[in-house]
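Read the structure below first, then the notes.
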Ligand SMILES: [Zn+2]
């Protein structure tokens with residue numbers, strides 16, 4: 005299509021189109037070669053080539069957007085990871101990225117196992133008196149109490165979640181921040197986010213490739229408790245679901261590391277899934293929310309959003325036997341008041357008193 009347009013332009017006579025067509029022609033060989041290569045990788049490329057191309061297209065879009073937004077070349081480092089992209093400008097690239105992302109799929113066994121794990125976590129949450137109280141009293145809780153509930157949800161999740169004996173660290177750092185969507189001058193706040201997970205897995209893989217190794221990935225979960233975070237406004241199940249999403253990212257890392265360290269049996273039905281997670285983390289191919297349509301469709305995020313929705317559905321159902329928690333008199337009889345909640349739940353983290 006693009007080549008035909010360029011050819012027909014070059015047959016026209018005016019000075020304007022001559023200028024246009026010469027511009028087109030000077031770009032045509034590289035453009036043509038670029039699209040030929042895209043097509044080849046899409047049709048017959050290896051998994052590594054496909055993930056490499058996702059990264060390349062992401063970086064291409066970011067570079068083009070930076071030229072538009074920062075014509076003087078003064079774009080702050082990494083700014084496009086936080087700045088929404090005008091996707092209408094990159095129809096071809098985004099279409100291609102979506103097709104590439106669709107090539108990476110989890111096994112049916114894995115998806116079924118994730119449902120089982122989500123169910124196990126929900127059962128453990130439902131049996132927990134603090135969670136029962138929080139489910140019925142969330143809207144009356146202050147931010148400190150909500151943070152403690154979110155932290156405990158992550159902790160229960162990490163304790164229950166396991167596949168072939170693989171678990172995440174039981175000591176993942178949860179860091180709460182409080183960032184508004186807009187800065188006081190009305191500009192987009194680049195620090196704004198909903199929740200995120202980070203670790204050093206990518207560098208561990210690469211350092212190992214160089215023949216050295218350090219530690220295990222220290223996962224950090226960040227969670228924005230500002231009311232601009234719609235998850236915080238959405239009530240108990242929605243607020244917790246974002247935490248479950250991030251813990252699932254930590255679990256993806258645990259599976260990738262298990263594959264890398266040969267701790268998962270090649271005969272396991274989840275072996276290929278662990279390998280996929282390893283590949284996804286090994287490559288620098290993550291697409292951030294600034295290219296939103298691709299962000300939601302990439303394999304890493306499909307898995308975490310699926311898990312998040314499973315958990316949200318579970319947590320929306322009133323926990324069985326939790327009726328006491330919505331009646332203040334009964335709750336008090338169980339030793340629960342909103343005022344006393346904070347100290348009570350903190351004790352759980354400290355463990356039994358010595
Ligand atoms: Zn995510």
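Numbering (my numbering), first residue to last: 5 to 358. Each residue gets a CB set at the ideal place from its N, CA and C atoms; glycine is no exception.
heavy atom of ligand 1 below 7 Å from residue i C-beta
{"i": "residue 253", "result": "yes"}
{"i": "residue 308", "result": "yes"}
{"i": "residue 313", "result": "no"}
{"i": "residue 97", "result": "no"}
{"i": "residue 249", "result": "yes"}
{"i": "residue 316", "result": "no"}
{"i": "residue 305", "result": "yes"}
Other residues of its chain near residue i: CB distance less than 6 Å, five sequence neighbours each side excluded
{"i": "residue 232", "result": "184 and 185"}
{"i": "residue 286", "result": "209"}
{"i": "residue 79", "result": "70"}
{"i": "residue 135", "result": "129"}
{"i": "residue 123", "result": "none"}
{"i": "residue 152", "result": "349"}
{"i": "residue 301", "result": "102 and 105"}
Simplified DSSP assignment, three categories, for residue i
{"i": "residue 131", "result": "coil"}
{"i": "residue 240", "result": "helix"}
{"i": "residue 210", "result": "helix"}
{"i": "residue 192", "result": "strand"}
{"i": "residue 167", "result": "strand"}
{"i": "residue 126", "result": "helix"}
{"i": "residue 246", "result": "helix"}
{"i": "residue 278", "result": "helix"}
{"i": "residue 79", "result": "coil"}
{"i": "residue 186", "result": "strand"}
{"i": "residue 289", "result": "coil"}
{"i": "residue 174", "result": "coil"}
{"i": "residue 74", "result": "coil"}
{"i": "residue 112", "result": "helix"}
{"i": "residue 43", "result": "helix"}
{"i": "residue 49", "result": "coil"}
{"i": "residue 141", "result": "helix"}
{"i": "residue 235", "result": "helix"}
{"i": "residue 4", "result": "The requested residue 4 does not occur in the structure, where the chain is confined to residues 5 to 358."}
{"i": "residue 323", "result": "coil"}
Limits of the unbroken beta strand (DSSP E) element including residue i
{"i": "residue 2", "result": "In the structure as shown, the chain starts at 5 and stops at 358, and residue 2 therefore has no counterpart that could be examined."}
{"i": "residue 200", "result": "199-202"}
Where the alpha helix (DSSP H) containing residue i begins and where it ends
{"i": "residue 224", "result": "Unbroken run through residue 224 is the beta strand (DSSP E), 224-228; no alpha helix (DSSP H)."}
{"i": "residue 317", "result": "303-320"}
{"i": "residue 267", "result": "Residue 267 -> no alpha helix (DSSP H), and no H or E assigned at all."}
{"i": "residue 148", "result": "147-164"}
{"i": "residue 332", "result": "332-337"}
{"i": "residue 295", "result": "Element bounds for residue 295: n/a, residue is neither H nor E."}
{"i": "residue 328", "result": "Neither: residue 328 is in no alpha helix (DSSP H) and is coded neither H nor E."}
{"i": "residue 343", "result": "342-354"}
{"i": "residue 89", "result": "No alpha helix (DSSP H) contains residue 89, which DSSP labels as neither H nor E."}
{"i": "residue 95", "result": "95-106"}
Cβ shell of residue i (< 8 Å), same chain only, five flanking positions each side left out
{"i": "residue 359", "result": "Within the shown structure, residues of the chain are numbered from 5 to 358, placing residue 359 beyond reach of any answer."}
{"i": "residue 228", "result": "180, 181, 182, 183, 196, 197, 198, 199 and 236"}
{"i": "residue 431", "result": "Residue 431 is absent from the model: the chain starts at 5 and stops at 358."}
Own chain residues within Cβ distance below 7 Å of residue i, not counting five before or after
{"i": "residue 205", "result": "221, 257, 260, 261 and 285"}
{"i": "residue 342", "result": "141, 144 and 145"}
{"i": "residue 60", "result": "none"}
{"i": "residue 188", "result": "none"}
{"i": "residue 19", "result": "Note that residue 19 scores a pLDDT of 41, beneath 50, so its modelled location is shaky; the value from the coordinates is reported in the next line. Nothing meets the Cβ criterion."}
{"i": "residue 255", "result": "165 and 172"}
{"i": "residue 317", "result": "none"}
{"i": "residue 359", "result": "The chain is shown only over 5 to 358; residue 359 falls outside these bounds and no answer can be derived."}
8 Å Cβ cutoff, residue i in contact with chain B
{"i": "residue 182", "result": "Looking at the structure shown, chain B is missing, and only one protein chain is on hand."}
**Study point:** Stretch pair the stretch 70-85 + the stretch 116-136: three plus CB contacts closer than 8 Å
**Key:** Under the 8 Å Cβ criterion, the stretch 70-85 does not count as touching the stretch 116-136, having fewer than three qualifying pairs.
Review point. Is there contact between the stretch 39-49 and the stretch 94-110, where contact requires at least three CB pairs shorter than 8 Å?
Key: yes
Point to revise | Any 3 or more C-beta pairs closer than 8 Å across the stretch 275-286 and the stretch 255-263 | key: The stretch 275-286 vs the stretch 255-263: in contact.
Exercise for review: Tell me, please, whether the stretch 290-309 touches the stretch 156-167 by the rule of three or more beta-carbon pairs shorter than 8 Å.
Suggested key: no
Point to revise | Cβ contact (3+ pairs, closer than 8 Å) linking the stretch 189-197 and the stretch 159-169 | key: no
Check your understanding: Can we say the stretch 311-328 touches the stretch 104-112, given the rule of at least three CB pairs closer than 8 Å?
Key -> no
Practice item. Please determine if the stretch 228-244 and the stretch 299-306 are in contact, where contact requires at least 3 C-beta pairs separated by less than 8 Å. Key: no
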